[in-house]
Amino acid sequence: MKPLACYALGALLSLAACTGHKSATAETEAEDFSGPYNEMYRPQIHFSPAEHWMNDPNGLVYYDGEYHLFYQYYPEKSVWGPMHWGHAVSRDLMHWEHLPIALAPDSLGYIFSGSAVVDWENTSGLGTKENPPLLAFFTYHNPDAEQAKKTEVESQALAYSTDRGRTWTKYAGNPILPNPGDARDFRDPKVFWHKASSRWIVSLACGDEIRFYASPDCKSWTYLSSFGRDRGGHGGVWECPDLFQLPVAGTDETKWVLIVNINPGGPAGGSATQYFVGDFDGKTFTSPQRETLWMDHGADNYAGVTWSDAPDGRRILIGWMNNWLYAGDKPCVTWSGAMTLPRELGLVPGPDGKGYLLTSTPVRELDGLRGETVMLKSLQVDGTLDLTKRIPFVRSALDLRLTFDLAATKGSLATRYGVRLRNSKGEYIDIGYDRNRQVFYIDRTHAGSKALPVKEFAAVHTAPFVVKGQTVDWRLVIDRASVEFFAAGGRVSMTDVFYPSELFRTVELFTEKGSIHVDGEVTQLQSVWNPSK
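Letter by letter, the sequence shown follows residues -26 to -1, 1 to 507 of mature numbering (1 follows the signal peptide of the UniProt record, and there is no 0).
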């Protein structure tokens, strides 16, 4: 898929890629940014393309010991252009092997977002039961129809593989689901097998609602129902839906969760992901939920969807770590785009037992990157406490796990407290909690936003949350130019990128108007691209 602005501007976007940012500071000059996957802003523990433009994750499926990650890709430039499906595989969700482009545009159009499944029973007839085919579902976006201002711009199509996803054949009968004629935005098929009704179900984004279709063979589809016209946020186009079941922690309940990405209209501005909790009977999704719930309250987690057939019954999601507000304006050159860390989703009862909340935490495979750990014991923070000298590996990616203990705090309890990352240029980013407003927040108004001259970038992003009890757990995963923040068992998640003129290599704890007691640990995370980093 692509942003609304791209319908008009397309490849005119020009500053969207990332390379080493030239800085004359001594601190930055002391670091070596030479070599592949080592540019200044290049993530070290996240997936990014070797070069050129990447956006949405697509075709997430697990098969024969491999996690497949397809993605929206333009292989010629580091700006948005005619979309292909790039492809990578991993056995641990951390270390990725790049594979050749899986799907390229043809006479029917560009290859927009979609999903993939294993057709275990060969219902499609495109493989055998002994060698079940991998099926990829994607949206054709026809640029000629778009230019002619037609409604029938997008349709759904199928490709298949019988060699573990190494090569793909487009189905001769494409499109398998033509445009219904009333939906210019008709895209992002997410397919799953519905066991109770013994058929395939697809969720499709149509304008600002989700439509469901069913099929016995993944080739012929019948309309079932729609959802969403009177629910959730409607500040933009709905995209990249995903419907799945999750058990409710601590209960015998199982509920259905419908993820819907929206652009614009998110709580931090621009792109975001909302979700609905309810029931699905094989035909209709219903939800009593009236409140708009957001999966991530930061600005930079979009188009997230989950893997099909993930082992151990886990529901694992990955998103594009960016925002269409400024995706075309980042201070970089040779590559563009990174994914979030893969995250395991859960479902818990809502506050006071009302409704449900989706939880999100880094997958356990992240622990495989752990290096040295520094313990933080019984720290009493009043003002600013610099942790940098305690962390000999401060130039690596970091995993901070903190417990703030309100009961153990001496003196008056701080009105605000948190973690500050800063550099020697006076630039910094705060990740904190405001007790008066009862919100977690990320403040990147001083995070080097001059390098990204988009007014919406320099902002404070907030996540409403009432801290109950005497302790609250925090987890921050920090890469070179991003922070992923999780709190309260994953009930809160926030993802933000930043582009300081030199990297943040100072880590501080801070309080305002009082003190706070902290225990925790800081762990080095080894680079998956450069083992020495």
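Glycine residues also receive a C-beta, built at the ideal position from the N, C-alpha and C atoms.
If you're wondering where the values come from, they're calculated on a predicted model, not measured in any experiment.
For Ala119, the secondary structure class from DSSP, reduced to helix, strand or coil, is helix. Scanning its chain for C-beta atoms nearer than 6 Å, with the 5 sequence neighbours on each side dropped, one finds around Asp191 the residues Thr97 and Ser98, in chain order. Remark: three or more beta-carbon pairs, one from each stretch, lie closer than 8 Å, so the stretch 373 to 382 and the stretch 493 to 506 are flagged as touching.
For Thr362, the three-state secondary structure derived from DSSP is helix. In the DSSP assignment, Met468 falls within the beta strand (DSSP E) that extends over Val466 to Val471. As summarised for the stretch 128 to 207, the continuous beta strand (DSSP E) elements at least 3 residues long and confined to that stretch are 128 to 135, 160 to 168, 173 to 180, 183 to 189 and 196 to 201, given in chain order.
Taking Asp493 as the centre and dropping the five residues before and after it, the same chain places the C-beta of Leu350, Lys351, Ser352, Leu353, Leu376, Thr377 and Asp379 closer than 8 Å to its C-beta, in chain order.
By the neighbour-count criterion, in which a residue is buried when 16 or more other Cβ atoms sit within 10 angstroms of its Cβ, Gln18 is buried. Taking a cut-off of 8 Å for Cβ pairs, the stretch 290 to 303 and the stretch 166 to 182 do not touch, as fewer than three such pairs fall below it. In the three-state DSSP reduction, Arg338 falls in the helix class (H, G or I). If you compare the alpha carbons of Pro336, Val393, Thr225 and Asn397 with that of Gly327, the shortest gap goes to Thr225. Counting only the Cα atoms, Ala433 lies some 35 Å from His42. Each of Leu321, Asn237 and Glu213 was checked against the Cα of Ala223, and the nearest Cα belongs to Leu321.
The stretch 249 to 268 makes no contact with the stretch 276 to 293; the number of CB pairs closer than 8 Å stays below 3. The beta carbons of Glu183 and Arg158 sit no closer together than 7 Å.
Using a C-beta cut-off of 8 Å, the stretch 324 to 338 makes no contact with the stretch 51 to 59, since fewer than three inter-stretch Cβ pairs fall below that distance. Distance from Thr314 to Asn275 at the Cβ level is roughly 5 Å; contact confirmed, criterion being Cβ atoms closer than 8 Å.
Taking 8 Å as the upper bound for CB-CB distance, Phe112 and Phe86 are in contact here, some 6 Å apart. Under the three-state reduction of DSSP output, Leu67 falls in the coil class, being neither helix nor strand. Non-local C-beta neighbours of Pro23 in its own chain, meaning closer than 7 Å and more than five positions away in sequence, comprise Tyr47, Gly60, Trp309 and Gly311, ordered along the chain.
When only Cα atoms are considered, Ser398 and Glu476 end up about 8 Å apart. Between Glu486 and Ala421, the C-beta gap is not smaller than 7 Å, which leaves the two residues out of contact.
Per DSSP, His20 lies in no beta strand (DSSP E) and is assigned neither H nor E.
Following the DSSP letters along the chain, one finds Val434 inside the beta strand (DSSP E) bounded by residues Val434 to Pro438. DSSP lists Leu232 as the beta-bridge partner residues of Phe250. Restricting attention to Leu359, Tyr407, Gly155 and Arg409, the CA atom closest to the CA of Val481 is found in Leu359. Distance between Thr247 and Ile236, taken at the CA atoms: about 6 Å.
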